[in-house]
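Below is one structure; the comments refer to it alone.
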């Protein structure tokens, strides 16, 4: 509620669109360990 995410932060997320209504139905996947540091 009221939290804003920058474009850069959003680009870092591992978002996977679902085959069923991928425009709003998606999953957040864990990042690769090398991407965390």
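Numbering (this note's numbering), first residue to last: 8 to 44.
For glycine and all other residues, C-beta sits at the position ideal for the given N, C-alpha and C.
Quiz item: What do you reckon, are the CB atoms on residue 37 and residue 18 nearer than 8 Å?
Solution: The residue labelled residue 37 in the question sits at position 30 within the chain shown. The residue labelled residue 18 in the question sits at position 11 within the chain shown. No.
Quiz item: In whole angstroms, what separates the C-alpha of residue 39 from that of residue 16?
Solution: Here residue 39 refers to the residue found at position 32 of the chain shown. Here residue 16 refers to the residue found at position 9 of the chain shown. Going by C-alpha positions, residue 39 is about 16 Å away from residue 16.
Self-check item: Neighbourhood of residue 24 by C-beta distance below 7 Å, restricted to the same chain and skipping five residues each side
Solution: By 1-based counting over the chain shown, the position of residue 24 is 17. Excluding residues within five positions, the ones whose Cβ falls inside 7 Å are 33.
Exercise. Report the three-state DSSP secondary structure of residue 17 (helix, strand or coil).
Key: The count along the chain shown starts at 1 and reaches residue 17 at position 10. Reduced to three states, the DSSP call for residue 17 is helix.
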